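**Student:** Chains as they are written, first to last, in my numbering: chain A, 114 to 618; chain B, 13 to 335.
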Amino acid sequence: MEQDNQTEILAIRNLTKRFGDTIALDNVDFTLFSGEVHCLVGENGAGKSTLIKILSGAERLDKGTIVVFGKEFNRLAPDQAMELGIATIYQDVELVTSLTVADNIFLGHEIKTRLGRINYAAQNRKARETLESMTIAIPETALVESLSPAQQQTLQIIKAIHINAKIMIMDEPTSSLGVEETRALLDLVRKLTAQKIGIIYISHYLPEIFEIGDRVTVLKDGRVVDTQKVRSTDLRTITRKMLGQDRALFYKRDHVQTREIALRVRNLSRRGQFEKVSFDVYRGEILGFGGLVGAGRSALMNVLFAADRSDVGEIILNDRAITPKSPREAIAHGVAMIPEDRKLQGLFDLRSVLENIVIVDNETNVLFLNHRHESVGVSDLINRLHIVTQGAQQPVGYLSGGNQQKVILARWLLSKAQIFIFDEPTKGVDIGAKAQIYDLMVQLTQLGKSILMVSSDIPELVSMSDRIAVMRNGVLVTVFAAQDVTEQELLGSFLGISEHGRGNK
Amino acid sequence: MTQFGAKIKKQMLANQWSFLLLVVVILSIIAGAVNPRYWWVGNLSNLLGQISVLSLAACGATILIISGNFDISVGANIGLSSVVMAMLMRTGVFPPLAALVGVLISILCASLIGAASILFQAPSFIISLAAIGVFQGAALYVTQGTIQTIYGQFETLGGVKLFNVLPLLFIVALLGYGVVYYILAHTQLGRCVYAIGNNQRAAYLAGIKVNRKKMFFFALNGLFVGVAAMLLLSRVGAAQPSTGTGIELQAIGSVVIGGAPMSGGKGNVGGTFCGVLLWGVIGNALNMMRVNAYIQDVIVGLLIIFAVAVSSLRLRAEKAMME
Numbered sequence: 114m115e116q117d118n119q120t121e122i123l124a125i126r127n128l129t130k131r132f133g134d135t136i137a138l139d140n141v142d143f144t145l146f147s148g149e150v151h152c153l154v155g156e157n158g159a160g161k162s163t164l165i166k167i168l169s170g171a172e173r174l175d176k177g178t179i180v181v182f183g184k185e186f187n188r189l190a191p192d193q194a195m196e197l198g199i200a201t202i203y204q205d206v207e208l209v210t211s212l213t214v215a216d217n218i219f220l221g222h223e224i225k226t227r228l229g230r231i232n233y234a235a236q237n238r239k240a241r242e243t244l245e246s247m248t249i250a251i252p253e254t255a256l257v258e259s260l261s262p263a264q265q266q267t268l269q270i271i272k273a274i275h276i277n278a279k280i281m282i283m284d285e286p287t288s289s290l291g292v293e294e295t296r297a298l299l300d301l302v303r304k305l306t307a308q309k310i311g312i313i314y315i316s317h318y319l320p321e322i323f324e325i326g327d328r329v330t331v332l333k334d335g336r337v338v339d340t341q342k343v344r345s346t347d348l349r350t351i352t353r354k355m356l357g358q359d360r361a362l363f364y365k366r367d368h369v370q371t372r373e374i375a376l377r378v379r380n381l382s383r384r385g386q387f388e389k390v391s392f393d394v395y396r397g398e399i400l401g402f403g404g405l406v407g408a409g410r411s412a413l414m415n416v417l418f419a420a421d422r423s424d425v426g427e428i429i430l431n432d433r434a435i436t437p438k439s440p441r442e443a444i445a446h447g448v449a450m451i452p453e454d455r456k457l458q459g460l461f462d463l464r465s466v467l468e469n470i471v472i473v474d475n476e477t478n479v480l481f482l483n484h485r486h487e488s489v490g491v492s493d494l495i496n497r498l499h500i501v502t503q504g505a506q507q508p509v510g511y512l513s514g515g516n517q518q519k520v521i522l523a524r525w526l527l528s529k530a531q532i533f534i535f536d537e538p539t540k541g542v543d544i545g546a547k548a549q550i551y552d553l554m555v556q557l558t559q560l561g562k563s564i565l566m567v568s569s570d571i572p573e574l575v576s577m578s579d580r581i582a583v584m585r586n587g588v589l590v591t592v593f594a595a596q597d598v599t600e601q602e603l604l605g606s607f608l609g610i611s612e613h614g615r616g617n618k
Numbered sequence: 013m014t015q016f017g018a019k020i021k022k023q024m025l026a027n028q029w030s031f032l033l034l035v036v037v038i039l040s041i042i043a044g045a046v047n048p049r050y051w052w053v054g055n056l057s058n059l060l061g062q063i064s065v066l067s068l069a070a071c072g073a074t075i076l077i078i079s080g081n082f083d084i085s086v087g088a089n090i091g092l093s094s095v096v097m098a099m100l101m102r103t104g105v106f107p108p109l110a111a112l113v114g115v116l117i118s119i120l121c122a123s124l125i126g127a128a129s130i131l132f133q134a135p136s137f138i139i140s141l142a143a144i145g146v147f148q149g150a151a152l153y154v155t156q157g158t159i160q161t162i163y164g165q166f167e168t169l170g171g172v173k174l175f176n177v178l179p180l181l182f183i184v185a186l187l188g189y190g191v192v193y194y195i196l197a198h199t200q201l202g203r204c205v206y207a208i209g210n211n212q213r214a215a216y217l218a219g220i221k222v223n224r225k226k227m228f229f230f231a232l233n234g235l236f237v238g239v240a241a242m243l244l245l246s247r248v249g250a251a252q253p254s255t256g257t258g259i260e261l262q263a264i265g266s267v268v269i270g271g272a273p274m275s276g277g278k279g280n281v282g283g284t285f286c287g288v289l290l291w292g293v294i295g296n297a298l299n300m301m302r303v304n305a306y307i308q309d310v311i312v313g314l315l316i317i318f319a320v321a322v323s324s325l326r327l328r329a330e331k332a333m334m335e
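1. How would you label Met114 (chain A), buried or exposed, when you count the other beta carbons within 10 angstroms and need 16 or more for buried?
2. In terms of residue numbering, what span does the alpha helix (DSSP H) encompassing Asn217 (chain A) cover?
3. Using a Cβ cut-off of 8 Å, pull out every chain A residue sitting near Leu217 (chain B), in sequence order please.
4. What's the call for Trp52 (chain B), buried or exposed, on a 16-neighbour Cβ count within 10 Å?
5. What do you get for Tyr216 (chain B), buried or exposed, if any count of 16 or more other CB atoms within 10 angstroms of its CB means buried?
6. Using the three-state DSSP reduction, which class does Gly459 (chain A) fall into: helix, strand or coil?
7. Rounding to the nearest angstrom, what Cα-Cα distance links Asn296 (chain B) and Leu59 (chain B) in this structure?
8. Quick check on Ile119 (chain B) - is its C-beta less than 9 Å from some C-beta in chain A?
9. From Glu398 (chain A) to Asn415 (chain A), what distance separates their C-alpha atoms?
10. Any idea if Pro508 (chain A) is buried or exposed, counting beta-carbon neighbours within 10 angstroms, 16 or more meaning buried?
11. If we cut at 9 Å on Cβ distances, does Glu258 (chain A) have a partner in chain B?
12. Under 8 Å between beta-carbons, which chain A residues line up against Asn210 (chain B)? List them in chain order, please.
13. Can you tell me whether Ala214 (chain B) is helix, strand or coil according to DSSP?
14. Taking Leu482 (chain A) as the query, report the chain B residues whose CB atoms sit under 7 Å from its CB, ordered along the chain.
15. Tell me the rounded alpha-carbon separation between Thr539 (chain A) and Phe593 (chain A).
16. Please check if any C-beta of chain B sits within less than 9 Å of the C-beta of Arg524 (chain A).
17. In whole angstroms, what is the alpha-carbon distance linking Phe229 (chain B) and Ile75 (chain B)?
18. Using a beta-carbon distance below 9 Å, is Cys71 (chain B) in contact with chain A?
19. Out of B:Leu112, B:Gly276, B:Ile317, point me to the one whose CA is closest to Gln262 (chain B)'s CA.
20. Pull up the DSSP beta-bridge partners for Arg433 (chain A), would you.
21. Could you check the C-alpha separation between Asn211 (chain B) and Gly270 (chain B) for me, to the nearest Å?
22. Flag this pair as yes or no: are the beta carbons of Ile199 (chain A) and Met283 (chain A) separated by less than 9 Å?
23. Find the nearest neighbour of Asp454 (chain A) within the set A:Val394, A:Val542, A:Glu149, A:Ala505, judged by alpha-carbon distance.
24. Can you give me the Cβ contacts of Pro452 (chain A) inside the same chain, cut-off strictly under 7 Å, excluding the 5 residues immediately before and after it?
25. Extract the residue ranges of the alpha helix (DSSP H) inside the region 55 to 113 of chain B, only unbroken runs of 4 or more that lie entirely within it.
26. Pick from A:Asp367, A:Gln264, A:Ser162: whose alpha carbon is nearest that of Ser316 (chain A)?
27. Quick check: what's the CA-CA separation for Asp359 (chain A) versus Ala582 (chain A)?
28. For the beta strand (DSSP E) that contains Tyr153 (chain B), what are its first and last residues?
29. For Thr477 (chain A), go through chain B and note every residue whose CB falls closer than 8 Å to its CB, in chain order.
30. Identify the contact partners of Val473 (chain A) in chain B, using a Cβ-Cβ distance below 8 Å as the criterion.
31. Quick check on the burial criterion: 16 or more other C-beta atoms within 10 angstroms. Buried or exposed for Phe236 (chain B)?
32. Taking the straight line between their C-alpha atoms, what separation do you get for Lys618 (chain A) and Asn223 (chain B)?
33. Any heavy atom of the ligand MG closer than 8 Å to the beta-carbon of Arg303 (chain A)?
34. If we ignore side chains and look at the alpha-carbon of each, how far apart do Asn431 (chain A) and Pro437 (chain A) end up?
35. Just reading off the beta strand (DSSP E) that Ala250 (chain A) is part of, what are its end residues?
36. Span of the alpha helix (DSSP H) holding Phe607 (chain A)?
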């Protein structure tokens with residue numbers, strides 16, 4: 114197949130990948146031409162990362178074929194992908210920071226002298242040549258740890274060029290870069306295309322697509338919604354396709370109206386993470402927090418739970434200023450945290466469902482355990498929350514993600530918390546459990562509890578929240594009433610696109 | 013494999029204790045067949061006395077290991093606290109009082125390791141490794157390297173046998189097991205042992221005062237070690253700086269053989285008891301079978317490797333099921 118005199122170097126056909134019960138990729142078709150920048154966009158969880166992982170050999174595919182330079186594959190191993198010239202530039206820089214630029218470029222295929230020692234002179238000379246050929250001003254003898262994040266990113270690309278990569282996958286390459294650095298990176302991308310390298314470019318910053326993209330593919334819920342030439346589409350069309358028109362999974366909830374303020378936050382700041390954040394939460398309200406990953410939402414929640422300290426600012430709970438110094442003190446004030454990373458921050462995976470549930474309540478009340486009292490309380494919660502388990506004594510590590518989430522929620526119900534912080538409440542939770550968790554959240558509001566909900570799932574934000582606070586680069590930019598905001602407006606506000614910026618301060 | 017064999021294997025994987033007890037029984041049967049005196053009351057009573065000191069050290073190690081910590085300076089700690097006890101007794105201090113001072117020193121030593129590990133956020137394994145030199149050096153300094161004998165002054169604890177059978181030492185050891193069992197199974201403190209060992213970050217976020225609890229675990233270990241030093245002194249009637257050397261590794265070994273992972277978060281004192289018993293029975297049985305002393309070391313080592321292999325296979329099988 115030919116397009117503008119370019120040859121097709123990669124074709125993915127009918128690719129399907131499942132993780133347990135969830136379909137991560139569903140019959141995906143995707144092609145890449147040499148010298149093309151093919152942008153891949155979609156919400157968090159749309160399947161972009163899974164697709165990358167399959168192409169780089171980190172995940173196996175269940176069904177479908179991958180054709181690279183005319184050769185057909187049913188699966189790719191990491192070394193195979195590398196040999197075929199597929200290189201992935203990840204968000205997190207993967208370099209050995211204690212070695213020099215040249216050492217990193219040659220890592221794993223060093224130039225050796227006849228005696229088997231590394232020939233540093235030759236390596237440095239060749240590294241210099243490669244860097245100069247791309248007009249990049251990084252000294253080849255510098256230590257990688259002394260380079261800026263942008264330079265490190267560039268070095269990763271140079272490394273890929275050096276091993277003769279013909280297909281480069283870039284995962285959010287500009288997410289940690291400033292304006293100037295982003296421009297330089299986009300220039301570099303153009304140079305790569307001039308060398309006939311095909312690039313799969315993933316970015317949350319949609320305007321970039323229009324700057325360098327040739328084609329754009331929109332993924333949603335593991336399916337390809339559309340592949341278009343960038344020239345013949347626009348931002349609005351792409352955002353609409355990212356969000357989709359499917360409203361079937363939307364949650365219809367009862368809203369509990371109160372005007373009684375439960376929690377006031379004033380001018381709360383933590384250096385380098387968020388600045389002068391102020392907002393109120395009412396009793397019985399769900400206040401959603403939207404924004405891009407890294408906008409400072411989770412950092413804010415960690416401070417409210419006193420897992421991290423604030424630099425300045427006030428937290429006023431029920432008209433009393435509080436200054437909790439540890440999660441223990443925050444818990445004593447009735448604050449609860451359902452963390453994003455359950456495994457690392459919430460669960461005791463080797464311990465039983467019972468122990469996981471009673472740990473917080475016992476910690477503040479009990480010296481000697483009352484096993485009968487515990488098991489009555491726990492089996493009541495297991496029934497109420499529909500936790501699927503073989504029993505209260507089963508280690509919680511055996512439970513599904515949704516049931517683990519319910520166990521953590523049960524922990525806070527038992528300890529009678531007043532303010533619930535949910536960080537990505539349904540991440541890694543199957544659809545059935547999702548609805549049950551939503552139900553529980555609504556029940557909490559009916560009991561007069563307040564909920565702060567960080568979510569990157571836009572439909573979840575819009576359907577569950579009473580109001581939605583949007584954070585961007587550590588600043589709370591605006592608060593929308595959930596019933597008057599569209600998903601496009603919300604996404605526009607996350608990205609800082611002015612045409613959707615109604616209500617921005 | 014036959015169905016029966018498969019069932020045995022399943023049972024062994026399901027329950028660490030049944031496997032360890034099975035090994036103990038098999039060893040006993042062999043030893044008894046070779047030398048009927050193995051089953052004599054005198055020998056069994058002797059066996060219980062032999063494992064008492066190790067039992068107490070293993071009690072402390074059980075709490076530390078489950079909570080994700082280590083103290084490998086236990087042997088040196090026993091050396092230091094037992095020579096202090098003996099020296100005080102020799103200068104005429106009322107023996108129980110001298111023993112109490114020794115136990116307090118042991119608690120202090122163990123607490124210092126905990127404090128340093130928490131303060132510097134360094135692994136307690138390394139801190140306690142360094143502490144071995146500190147404790148042994150201190151013991152050598154105060155004794156000038158001499159052996160401290162106290163024959164006749166402090167024999168009751170080590171010598172008395174209830175009904176001429178049950179050593180008092182073993183009663184103290186059982187008391188230790190009972191305390192650890194009660195803490196782990198029936199107190200919130202025990203829940204904290206498991207929680208901190210399983211996921212320290214999550215424990216902190218659940219409102220547990222992690223540092224304070226860890227300090228307490230180390231101090232408790234010091235108490236067990238101090239009592240172990242007291243028992244050892246009473247049994248042997250003498251102490252020197254090298255007294256107790258190597259017991260920490262046997263104690264850690266017993267806990268791990270008993271089914272607790274080195275990374276913590278799981279385990280119980282019943283497993284530790286079986287581990288200690290296995291260790292004691294192997295040594296005693298080989299003696300009764302008159303195996304060459306050098307070969308004994310080889311066989312003990314191999315049997316322990318076998319026991320550890322089974323318990324780690326079991327843990328791995330469990331982990332695989334979780335994923």
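Don't be surprised by glycine CBs; every beta carbon is placed ideally from N, CA and C. Keep in mind that this is a model prediction, so the values were computed, not measured.
**Tutor:** In short, the structure shows the following:
1. Low per-residue confidence applies at Met114 (chain A): pLDDT is 43, beneath 50, and the placement is therefore not dependable, though the value from the model is reported in the following sentence. So Met114 (chain A) counts as exposed.
2. 214 to 218
3. Phe418, Ala420, Pro440, Met450, Pro452, Gln458, Gly459
4. Burial check for Trp52 (chain B): the Cβ neighbour count within 10 Å stays below 16, so the residue is exposed.
5. buried
6. Correct three-state label for Gly459 (chain A): coil.
7. Their backbone Cα atoms lie some 7 Å apart in a straight line.
8. no
9. 20 Å
10. buried
11. no
12. Around Asn210 (chain B), the beta-carbon contacts reaching into chain A at under 8 Å are Phe461, Asp462, Leu463, Arg464.
13. helix
14. His198, Thr199, Gln200
15. 22 Å
16. yes
17. 7 Å
18. It does not: the Cβ of Cys71 (chain B) has no partner Cβ on chain A nearer than 9 Å.
19. B:Ile317
20. A:Leu430
21. 21 Å
22. no
23. A:Val542
24. Gln458, Gly459, Asp536
25. 86 to 102
26. A:Ser162
27. Interpretation of Asp359 (chain A) is limited by its pLDDT of 47, a score under 50 that renders its predicted location unreliable; no figure is taken from the coordinates.
28. That residue, Tyr153 (chain B), is in no beta strand (DSSP E); its alpha helix (DSSP H) goes 136 to 155.
29. Gly219
30. Ala218, Gly219
31. If you draw a 10 Å sphere on the C-beta of Phe236 (chain B), you find 16 or more other C-beta atoms in it, and that means buried.
32. Low per-residue confidence applies at Lys618 (chain A): pLDDT is 37, beneath 50, and the placement is therefore not dependable enough to give any value.
33. The ligand content of the structure shown is nil, which means the ligand MG is not present either.
34. In a straight line, the C-alpha of Asn431 (chain A) is about 14 Å away from that of Pro437 (chain A).
35. Element bounds for Ala250 (chain A): n/a, residue is neither H nor E.
36. 600 to 608
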